[in-house]
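A.B. asks:
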């Protein structure tokens, strides 16, 4: 018996899932503006949204909460899409940037740059993206080493090994450099708190590149789901498809890590939900990841502000607490879905 | 500009299906360091069904993969209408040559119609993703493979034979004059094998040139016009089934003794009284 979350339904109309998802996303954004950072209650925040509230409330909503919501929107889209792309290219439902060491590669690169003297405010985006790219290549190499029996768990094991190695190296770096450690300590757990719009502006160019490349590659990528030979037979070039996808994933994950630190499990949970709603085709999955990613991140962030008031739980901690059981449930099923 | 580009394409490859030819010149194929096929010459007879037969590991699948440009040759060349297949853009090749590999796997939840749509990829571009002739090609493929009633079913709920028909329908939708199939009936029971072979015959009558790797010798004789018998990466003999099928050939290919009789209904050779040759 395959549990419901591992069962992929037949093709359904994309719009019938996309419209409710977008509405839900709007609601989530709204709630994240009403609740959370700063001592402003939901009612006051609501008034401030319509220019009726106090100056304090207006400041909190527009300067603290709005950027945070936008960052959540961006991080959700990046990680959701990156997860869907990775799963499609690895043909493995467990491929996820956080599990496979891509985020860890990115984090390590940023830590290294900080120790070498860079400041957290400059250059982190491209450094994080290069780190993500290196992590991607390591893991894809590991995936190709798995040989004939395409056991999805093996890839995750390789990723876990790579991940823990990189996390250990990152910790080692931080032990040697107190300044970097202070700058990075909060960031390294993954959080969208206190991020400004400047960080978002810095990632816009790579987002545009990733979006165009994803649009270009989505059709050939869909054919890769039928196997390498069939894809070649249809006139596609699997090697080029993989390369483009890996660069996209690195751009997206690197940017998300640069802005919010490594936030685990989003790239796993979001494509799973999207597939469950619209079926196996990567093109529809990708469209649906656009609203579902931010829905998950923004709500998780809102929740992370509420559960430990007046303190906050870092977003990365919350997504791990929620995501890890989901992963266990998926793996526990007798049969993983074939992508 | 567009018309010039179209002209260029037409001069590169022929448009008349019966003028489409696929052949190999001095072809060598390697798996890693192992030489599977060395300096092989072969041509597929146009408009016919060719069966490639031979024992396990004789290089028949490798040859098929080489002919379909999936396997890069280590020497020699594969010619599609006289052009080296690796020099023609892969997408253009895909409008002339369709390939159905062995052991296909599709994602969970994909429907028959969705699968068949993939066959249209070579005819589409980023800008033009769906056109009228795509619709017609899909309708034709569904009808030819007798899948109209199953088109909305999920692939993983179908029987083996139906599933294989759906995959063949995908290559029909590709609208290519050439079709290469790697063991299209392996893992199918007798009824489903016949189902698939009859579909292949039907496609041949519509003018396609077909080559298939087949394990079962009697089926190869029954459904192919031309047999290519391989052993150890070499072609031992080729020709119409009645001419090439001899006791000596069967012994050489498989190391078995048998008698050959003629099927009273179809005239094709049948193997009886099969025994292993004692060493």
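Protein chains in written order, with our numbering: chain A, 36 to 374; chain B, 959 to 1237.
Just so it is clear, CB atoms sit at the ideal spot from N, CA and C, and this is done for glycine as well.
#1: At least one CB of chain C closer than 7 Å to the CB of residue 268 of chain A: is that the case?
#2: Please say whether residue 68 of chain A and residue 96 of chain A have beta carbons closer to each other than 7 Å?
#3: Please determine, among A/130, A/103 and A/102, the residue with the shortest C-alpha to C-alpha distance to residue 114 of chain A.
#4: If distances are taken between C-alpha atoms only, which option among B/1027, B/1000 and B/1018 comes closest to residue 440 of chain A?
#5: In terms of alpha-carbon separation, which member of A/193, A/202 and A/321 lies closest to residue 116 of chain A?
#6: For residue 1069 of chain B, which beta-bridge partners are listed by DSSP?
#7: Give me whichever residues DSSP pairs with residue 1041 of chain B in a beta bridge.
#8: Using a Cβ distance threshold of 8 Å, determine whether the region 980 to 992 of chain B contacts the region 1023 to 1037 of chain B, with at least three qualifying pairs required.
#9: Looking only at DSSP bridge pairs, what is residue 1167 of chain B linked to?
#10: From residue 183 of chain A to residue 1140 of chain B, what does the alpha carbon distance come to, in whole angstroms?
#11: Helix, strand or coil for residue 1226 of chain B, going by three-state DSSP, please let me know.
#12: Consider the Cβ of residue 306 of chain A: report whether some Cβ of chain B lies at a distance smaller than 7 Å.
#13: From what residue to what residue does the beta strand (DSSP E) around residue 1009 of chain B run?
#14: Below 8 Å on the Cβ atoms is my contact criterion, and I expect residue 1122 of chain B with residue 1146 of chain B to pass it. Report the Cβ-Cβ distance as a whole number of Å.
#15: Nearest chain B C-beta to residue 183 of chain A closer than 7 Å, yes or no?
#16: So what does residue 980 of chain B bridge to, in DSSP terms?
#17: In chain order, what residues of the same chain lie with their CB nearer than 8 Å to the CB of residue 989 of chain B, ignoring the 5 residues before and after it?
#18: Against chain A, with Cβ distances strictly below 7 Å, would residue 1028 of chain B count as a contact?
#19: Starting from the C-beta of residue 1207 of chain B, find all residues in its chain whose C-beta is less than 8 Å away, skip the five residues before and the five after it, and write them out in chain order.
#20: Which word fits residue 313 of chain A, buried or exposed, when buried means at least 16 other C-beta atoms lie within 10 angstroms of its C-beta?
#21: Within a Cβ cutoff of 6 Å, which residues of the same chain sit near residue 172 of chain A, ignoring the five residues on either side of it in sequence?
#22: Give me the DSSP bridge partner(s) of residue 993 of chain B.
#23: Which residues, in order along the region 1060 to 1085 of chain B, keep a beta-carbon less than 7 Å from a beta-carbon of chain A?
#24: Which chain B residues sit within Cβ distance under 8 Å of residue 364 of chain A?
#25: For residue 1196 of chain B, report the span of its beta strand (DSSP E) as first-last.
#26: Can you check whether the CB of residue 266 of chain A is closer than 7 Å to the CB of residue 160 of chain A?
#27: Determine whether the beta carbon atoms of residue 1127 of chain B and residue 1099 of chain B lie at a separation below 7 Å.
#28: What beta strand (DSSP E) runs, 3 residues minimum, are completely inside the region 163 to 221 of chain A?
#29: Report yes or no: do the region 189 to 206 of chain A and the region 120 to 135 of chain A share at least 3 C-beta pairs separated by less than 8 Å?
#30: Going by DSSP, which residues form a beta bridge with residue 1220 of chain B?
#31: Just to confirm before moving on: does the CB-CB distance between residue 238 of chain A and residue 295 of chain A stay below 7 Å?
#32: DSSP on residue 1058 of chain B, reduced to helix/strand/coil?
#33: How close, in whole Å, do the beta carbons of residue 1130 of chain B and residue 1103 of chain B come, if the pair is a contact with beta carbons under 8 Å?
#34: In this structure, how does DSSP classify residue 1265 of chain B when only helix, strand and coil are distinguished?
#35: When the distance is taken between beta carbons, is residue 1012 of chain B closer than 7 Å to residue 994 of chain B?
#36: Can you list, in chain order, the residues of its chain whose CB lies under 7 Å from that of residue 1190 of chain B, leaving out five sequence neighbours each side?
C.D. replies: On the basis of the coordinates in this document:
#1: Note that chain C does not occur in the displayed structure, where the protein chains are A and B.
#2: Between residue 96 of chain A and residue 68 of chain A, the C-beta gap is smaller than 7 Å, which places the two residues in contact.
#3: Its Cα nearest to that of residue 114 of chain A, the residue A/130 stands out among A/130, A/103 and A/102.
#4: Here chain A covers residues 36 to 374 and nothing more, so residue 440 of chain A does not appear.
#5: For the set A/193, A/202 and A/321, the Cα lying nearest the Cα of residue 116 of chain A is the one of A/321.
#6: Residue 1069 of chain B is bridged to B/1112.
#7: B/1038.
#8: The region 980 to 992 of chain B makes contact with the region 1023 to 1037 of chain B, as at least three CB pairs between them are under 8 Å.
#9: Per DSSP, B/1136.
#10: Only weak support is given to the placement of residue 183 of chain A: the predicted model assigns it a pLDDT of 45, under 50, and the value that follows is read from those uncertain coordinates. Near 19 Å, if we compare the C-alpha coordinates of residue 1140 of chain B and residue 183 of chain A.
#11: When DSSP states are grouped into helix, strand and coil, residue 1226 of chain B belongs to the coil group.
#12: Cβ-Cβ to chain B under 7 Å: no for residue 306 of chain A.
#13: Per DSSP, residue 1009 of chain B belongs to the beta strand (DSSP E) from 1007 to 1011.
#14: Their Cβ separation, rounded to whole angstroms, is 6 Å, which keeps residue 1122 of chain B and residue 1146 of chain B in contact under 8 Å.
#15: Caution is warranted here: a pLDDT of 45 is assigned to residue 183 of chain A, below 50, making its placement in the model unreliable, and the coordinate value is therefore given only provisionally. Interface residue (Cβ-Cβ distance to chain B less than 7 Å): residue 183 of chain A is not classified as such.
#16: Residue 980 of chain B is bridged to B/1038.
#17: Within the same chain, residue 989 of chain B has close Cβ partners 1020.
#18: Interface criterion met: the Cβ of residue 1028 of chain B is under 7 Å from a Cβ in chain A.
#19: The residues are 1187, 1194 and 1195.
#20: Residue 313 of chain A is buried by the Cβ-count criterion.
#21: Closer than 6 Å at Cβ, skipping near neighbours: no residue.
#22: Partner(s): B/988.
#23: Residues passing the 7 Å Cβ filter: 1062, 1063, 1064, 1065, 1066, 1067, 1068, 1069, 1072, 1076, 1079, 1080 and 1084.
#24: Result: empty, since nearest Cβ-Cβ is about 17 Å, beyond 8 Å.
#25: Unbroken beta strand (DSSP E) run through residue 1196 of chain B: 1192 to 1197.
#26: The answer is no: Cβ separation not under 7 Å.
#27: Closer than 7 Å, so yes.
#28: Taking only runs of at least 3 residues, no beta strand (DSSP E) segment lies wholly in the region 163 to 221 of chain A.
#29: These segments touch.
#30: BP columns for residue 1220 of chain B point to B/1227.
#31: For residue 238 of chain A and residue 295 of chain A, no; Cβs fall outside 7 Å.
#32: The DSSP-derived three-state label of residue 1058 of chain B is strand.
#33: Contact annotation, residue 1130 of chain B with residue 1103 of chain B: C-beta distance approximately 6 Å; criterion of less than 8 Å satisfied.
#34: The question about residue 1265 of chain B has no answer, for chain B in this structure spans 959 to 1237.
#35: For residue 994 of chain B and residue 1012 of chain B, no; Cβs fall outside 7 Å.
#36: Cβ contact annotation for residue 1190 of chain B (same chain, cutoff 7 Å, sequence separation greater than five): 1016, in chain order.
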